[in-house]
Structure formats: C-alpha cells, structure tokens
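Protein chains in written order, with the UniProt record's numbering: chain A, 1 to 690; chain G, 1 to 208.
Note that CB positions come from ideal geometry on N, CA and C, so glycine has one too.
To start, the structure under review is shown below, and the notes come after it.
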C-alpha cells in the first residue's frame, strides 16, 4: 500500500544517508551540494517570513499574469539554475585537472551525473528560461500590445518550467540524476544498463519543460500575429520580434519529437516496449533521429532570439537604424527553415551512406550563409554610427569575433570526413560552447543590461557590468580554446580521467577559465546588489535611458502595468525614434479609456505544483501518487473553465493619473547628451537629435 | 482585421470586437493543433520505419489486422464527425439548445462506440495472436500510435461532458460557443488523423 504512494523511494536514497554510510570525498561533495540546496531553501523561507514577503510574493508575483513579471520570474529562475550548472562545470574541470595524480574529486559515476545535469540544466533550465523570459518581457512591449494572447497559459508555461527545475534540484537530495548525458541515448539509458531512477529524472524534467515550451511557442506566435498595434505591419516589427516569431514557430514543431522520444524511452524502460532496445525489433537510431529532430531546431531556438538581441544592441548603441533590416528578416527565416534539414549531422558516424551524409553536410554548411549575412549587417550597422561601448556593446563586439570563430569550426564539423576524426571529441564540446556562450549566454547578459531599467526603473551599475564582462570574456577563451586543442589531440568528451601528461596544462587552463566564469557570475550578483542600493542615482523614471528606438521605451520605467496608456502610433521600423523626432513621444492624450486586464490567478501555481508532484512520483514509480496528481492537474484545468470572472477593469481615471504622473517625471528630467548617459543626470530622457 | 467574422459562429452580427477576440482564440487553438499534428507526424514516421524493420519474428501487420473491424471503427468516427457538423449548424443557425444537445449527445455515443470497437480490436489481437506491445518494435509503435489517438478521443469525450455541464449552467453564451467551436476543430482533426491511420496503417498493412 505504501509502495503505491512512495514507490521505490527509501531512506537510503537520501544523499545525506549515503554519505553517512560511506563517508568518502565523493559522497562528501554530493552531500555538500545537497546541503547547500537545503540551506538555500531554508534561508529563503526564513528571509521571506522575517521580512513579511510572503504576501507580496504571492499577490504581486506568483499569481500575476502580467507578461513582464512572468518574464522577470523566468530570468530569476534561470539565474538560480545557472549558479548550480556553472558550479558543476567548476567541479568537473577541477576533477579532471587533478584526477591523474590520484583518484580525483569525484567517482566516475558522479562525474557522469555532473555532466548530465550540467548539460540538461544549461539547455533546458538556463538558456530556455532566459530567452523565454526576455521574449516575454520585451516582445509585447515592442509591438505595442498590453499582454500576450493567452496570459494564463503563459503563467502555466512558467510554472511547468519551474516544476522541471524543481525536479532536477530534488535529484540532488533524493537519489541520483541520469548519467547518460543531456542527450540521454539508449540503450545506455535503457532499463538494462541504467535501472535506477536517474534516466527517469531526466525524462520527466524534459517532458515538463518541453510541454511548457510548446505552449510558449504557440502563445508568442499568436501574440505576434494578432496583437500588433495598428500600424505595426509585420515589416515594421523590431528585428527582435522577428526572431521571437521564428523561435516560436520552431518551438511549435520541434518540441513534439522530444516529448515523444522521452515517452518512448519511458515505455521501453518500464513497460517492456521495444522502441530503442537491442533485439525484438527496437532500434537505437529511432532515438537518435527523434532526439535530433528536436535537438537541431533547438539549437536555433537558442540562438535566434540572441540574434534579435544583438540586432537591438548594435542599432541602439550605434545610434543608427539597423543596417539591412530586410536581409536580416530573410536571413532569420532562412535559418529557421534550414534548421529542420540538418539534424543528421549530429550522427554522421552512425552508419548512413556517404551520400546521405554529404547531403546533410551541405545543408549544414548552407546555414553559414544567412548567418554570415547577419554578421555583415551588424558590422555595417556600426559603420558610420556613433558607437558607445556600454556593457551590452562590449559583449556584442566580443560576440562578433568569437562567434565567427565558432562558426568556422562549425563549418569544419559539417564536413563528414572531418567529423569522423573529431566526432564526440572535446573539439565538438569547444565548438558548441563557442556558439552558446558568446552567442546565447552573452546575448542574454546584454539583454539583461539593456532592458533592466525598463523592468525595475533603474540602470544596472556600469562598472560592475564591465567587471562581469572582463571576467567572463577571457574566462570563456581560457575555458574553451584549450578544448579545441585537446580535441585535436584525441581527447574525448565526457571523459573523467585523462592520463596523458600532455593534457595537463590544457586542463589547468580550462579550469582557470571555469573559475573566471564563476567569478563573472559572482560579479553579476554583486552588480545587482550594488545597483539596488544605488537605485536613486541610477533611476530613469522617464523611461528612455539609452535613446531607444523601438516602442518598449515609450512610457515610464518600470512600465505601466497596462504597458501603454493609449495606442502608440507606428509609422516606421524605429517607431519610438520617429515619435521622438516628431515631438509626439511625450504628449498628453485627449481621452483615456478603461482598460481590461486579466485578474491574478492561483491556477498556474497549483498546476505547476501538481505536475511537478506527478513527475516526481513517476520517477519513483509511485503510481497512485502520480495518478492522483495527474488527475488533479486536469481537475484544476476543468474547474478553471467554470470561472467566468477572469478580467478586471482599470478605470480611465487611474490610467490618466498614471500617465500624467509619468509626463510630470518627463517634464522634471533634463534631456541628456549620450556622453552623459552613465551619469546620474540620465533620468531617462534623451536629448533630441541635432 | 475589424471586418473579420468568425465563420461558424453567431457571436452577434454587429459586434466586431467580439469577433476579433474570437479570432485570436480560435487561431491559437489551430496553432496548438498544428503542434499536435507534428506529434502524430513523428509517430507516423516512426511507424513507417518500424512496421517494416521492427517485426522481429513477431506477427506482421497482415496477420493481425482485421479490415472489417477497422471499417466499423472508421464508420463510427466519420459518423460522429457528421453529427458534430450538425451540432455546429445548430449552434450557428438555431438558438435552440435542444437540437445542439441532441447532436452532441449522438456524437458522444458514436465516439464512445469507436473507443469500444477499437478496444475490442486490440483485445482480439492480444488474445488471438498474442500481439502485445512487448512482442516487437512494430507492435510497440502500433499501440503507441493508435493509443495516442485513442487517448485523444477519450479526452474529447471528457471535454464533451464538461461542455454539457457548461451548457446547462451558462447556456449558450459567447464563451461556451467558442469552446464548442474549438471542440469541433479538435474532433474533426482527430477524424483526419484517423483517416491517415486507416489508410497508412491498416489499408497499406493489408495490401498484398
């Protein structure tokens, strides 16, 4: 009976008990990580209670359906997960650097768990939530909308992602995560070789987050099609919105193969099916194809929004219209389409004929063409511009150079003959980190610096931002350039021990780089704390700290809850620049109207919690708990459909008062020249162009 | 955009903002269904590979499929799509909830009949041929493909029950009409998927 509700979960599965039974260094590290998690949770609970923040947390954040707050929560979740994944990277590199001398820090299985959680977290629980968060915050503002098309669904996506994060976190304390890498290939992850709960943690964390992403993709695509303000034609959308549209379309189509692949793996593991097993007609290649049919579009889900961010950064900080807008749009679309035609390059070595490999190799190299178009467009945006090297621009220029390097190694890998030599070596690891760190991660850091003032009403401290850059930029090079070399020397990925002494200096360099990146993250935390302390000097209530060009900069910082008091006028790609030039950006409105906004709802939190519980119970084969929690999810969905009163009205008078208060802030601010952008003079009002 | 009338719904002839809002909701549901179709597409692709390469000495498609039983399932489901079509006409042209409820009730019965027939067909395959999903890769994907469709139809029936309750409680207001509209899209789409299953799995499986 208890088995039905607790499944296979036993005391021995608790990490601390394991350490108690076998107190060695390996288990000490595991217990310390679990302890840090438990302490972190307890400290957060105490802080919330002591400060009395429970109520505001619940009322203003967790139950909010405001796209801006949901976006901020996504980013916060991603940063917490980033702390764990980057710490894991440090443990792995420290282990590899010291492992040849003696046994190293962790046991081989533990090492495998570390690279599996590191990859799973970085892709699904850092990169995805970061970009979903930024898209959530920025996109509706850029198209002049009040919210996304389906605010409740938006919050449900967030809570499902949070549940996935919770599941991966719980695996620190209860049991073990998968040792099969982020791609979880069977038959290694099948029941014969990995009988434990590890692959199940991986399966259900991915299932939760991929359902969340499917819903997000649908939501954002519909928002972009249906919620654009009058005058905002498709070809007047800021480029970031184009990348959001392409990413959303990719999410709609690419998540299904992943959901299915993980479901099939689970059926193989627990119901005796034969999708991927050896013998009885199963075929591992089914998994490889399904996984990468998702996995390759996923790469572009991760990079396209980053391209959008870079486009905004280059044009804003060059004080210039984006060069080659149309070519950038077409390049984005071309990349999105091509992304579905290249999945096989992830397994050139797995037995296709040379002609099939050649076709996929050529398709892969083709992607370099639209990407190259983009790089030239960004360069030409800066040309003849007034380039201001603010933190986002530092990252952007660093990106141009390093991303080119990563792109070139990508073209090398796209050649099947070359790939046979370096497939699954550290060369590959260097390549994809080279794309994802300067590409995605640094774009998201640039985005945080760019849009933080709009979210919270004050700029981030520039000096500490530079510290983040100057720690992370060399950190990345030091951490990953050695991997190219080691890959050429024959070093394979996911290797716990390198006995060859020739590797030693490279490993230490990589370890030093990992430490610098961790230090860069610490600097980011310090930066946020310092900025909060000095928020009065950094405040930009008039709302336009960077002389912005698109609609999100119209209105105060932080933004109105309802985004815009009236419908903004759009006559150009750089809609806000046009408004400023016509002197219409800060004009009083003749009339104000009531605004309907969605009411807060506890439904997403409950759905997230129940879905998380169902997933956890599935991991531990506690079928009764899982069934009850799953039924609970649908009971809540059905129950919610009987709730009629889901909107609330913000009266016109309130809208008018808020709008006037902002106009008063604008009137009180002195317009600043761009050279004084970083001084306290900058209250968010830009000097008019000459 | 303001001239858009949502086809199939009488949300009021002059109130175009209502139609605009309806358009967004229904379009969103179409997009969600597109993602659902992607799921089925991947299932079909896997079936295409495994129904040939995954038999592994177990029963082949031609041995276990029974065209007569499958035909009855197909007819039940197609008939249910027809009755839902009649329900949609009642929704659009009549304010009379009785006709709507009757047609929806008929749809429910036919849907349930389909589920029963399909379950009986599975039971026959298991008892007569020992064709359980654990036997071979082909049978694994066969049951996953038809099972996914089965679960979708069952969810559609549950949705119908919920709509019956909402019809009783709220009457035919805009929100209920829109939900019926989406249920109709869902239901017809399942029919389309079944036609694909019928042709691609059963007919081509039995072709000599």
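Considering only beta carbons, the part of the segment 51-70 of chain G lying closer than 9 Å to chain A consists of 53, 54, 55, 56, 57 and 58, in chain order. Under the DSSP assignment, residue 249 of chain A falls in the alpha helix (DSSP H) whose first and last residues are 239-271. Around residue 27 of chain A, the same chain offers 18 and 19 as residues with beta carbons nearer than 7 Å, after the five sequence neighbours per side are excluded. Look at residue 108 of chain G: its C-beta is not under 8 Å from any C-beta on chain A. Taking 8 Å as the CB threshold, residue 638 of chain A lines the interface with chain G. Three or more Cβ pairs closer than 8 Å define a contact, and the segment 445-454 of chain A meets that threshold against the segment 132-152 of chain A. Residue 181 of chain G places its beta carbon 8 Å or farther from that of residue 104 of chain G.
In the three-state reduction of the DSSP assignment, residue 651 of chain A falls in the coil class, being assigned neither a helical nor a strand state. Proximity of residue 594 of chain A to chain G, defined by a Cβ-Cβ separation below 8 Å, is not satisfied. The beta carbon of residue 469 of chain A sits closer than 7 Å to the beta carbons of 391, 394 and 395 from its chain, once the five residues preceding and following it are set aside; these are given in chain order.
Listed by position along chain A, the residues whose Cβ is nearer than 7 Å to that of residue 85 of chain G form an empty set, because the closest Cβ is around 24 Å away.
At a cut-off of 8 Å between beta-carbon atoms, residue 570 of chain A makes no contact with chain G. Judged by DSSP in its simplified three-state form, residue 492 of chain A adopts strand. Counting only residues of its own chain and dropping the five nearest sequence neighbours on each side, residue 618 of chain A has a CB closer than 6 Å to the CB of 204 and 626.
Annotated as proximal: residue 160 of chain A and residue 208 of chain A, with beta-carbon spacing under 8 Å. Taking the C-beta atoms as reference points, residue 168 of chain A is found no nearer than 8 Å to residue 14 of chain A. Chain order gives the chain A residues near residue 34 of chain G as 218, 252 and 253, where near means a beta carbon separation below 9 Å. By the Cβ-count criterion, residue 588 of chain A is exposed, with fewer than 16 other Cβ atoms from all chains shown falling within 10 Å of its own Cβ.
Of all residues in the segment 110-139 of chain G, the ones placed with a Cβ closer than 9 Å to any Cβ belonging to chain A are 132, 133, 134, 135, 136, 137, 138 and 139, in chain order. When secondary structure is reduced to three states using DSSP, residue 186 of chain A falls in the coil class, being assigned neither helix nor strand.
For the segment 447-476 of chain A, the beta-carbon criterion of a distance under 7 Å to any beta-carbon of chain G is satisfied by none of its residues.
Fewer than three pairs of CB atoms, one per stretch, sit closer than 8 Å, so the segment 147-159 of chain A makes no contact with the segment 230-246 of chain A. Around the C-beta of residue 262 of chain A, 16 or more other C-beta atoms lie within 10 Å, and the residue is accordingly described as buried. Within the segment 57-130 of chain G, the complete alpha helix (DSSP H) runs of at least 4 residues fall at 61-64, 67-93 and 97-129.
Judged by DSSP secondary structure, residue 596 of chain A falls outside any alpha helix (DSSP H) and instead within the beta strand (DSSP E) spanning 595-598. Residue 140 of chain G has no beta-bridge partner at all, per DSSP. With a contact defined as Cβ atoms closer than 8 Å, residue 459 of chain A and residue 538 of chain A qualify at about 5 Å. Using a 10 angstroms sphere on the CB of residue 524 of chain A, the tally of other CB atoms reaches 16 or more, which defines it as buried. Under a criterion of Cβ atoms nearer than 8 Å, the residues of chain A adjacent to residue 42 of chain G are, in order, 256, 257, 260, 290 and 293.
A Cβ-Cβ separation of about 17 Å leaves residue 331 of chain A out of contact with residue 440 of chain A under the 8 Å criterion. For residue 220 of chain A, the enclosing alpha helix (DSSP H) has its first and last residue at 198-226. Residue 172 of chain G carries a coil assignment under DSSP once its states are collapsed to helix, strand and coil. For chain G, the residues of the segment 206-217 of chain A that bring a beta carbon within less than 7 Å of one of its beta carbons are 214, in chain order.
In its chain, beyond the 5 residues on either side, 180 and 199 have a beta carbon closer than 6 Å to the beta carbon of residue 189 of chain A. Taking a contact to require three or more Cβ pairs closer than 8 Å, the segment 111-129 of chain G and the segment 64-84 of chain G qualify as touching. By the Cβ neighbour-count rule, residue 582 of chain A is exposed, with fewer than 16 other Cβ atoms within 10 Å of its own.
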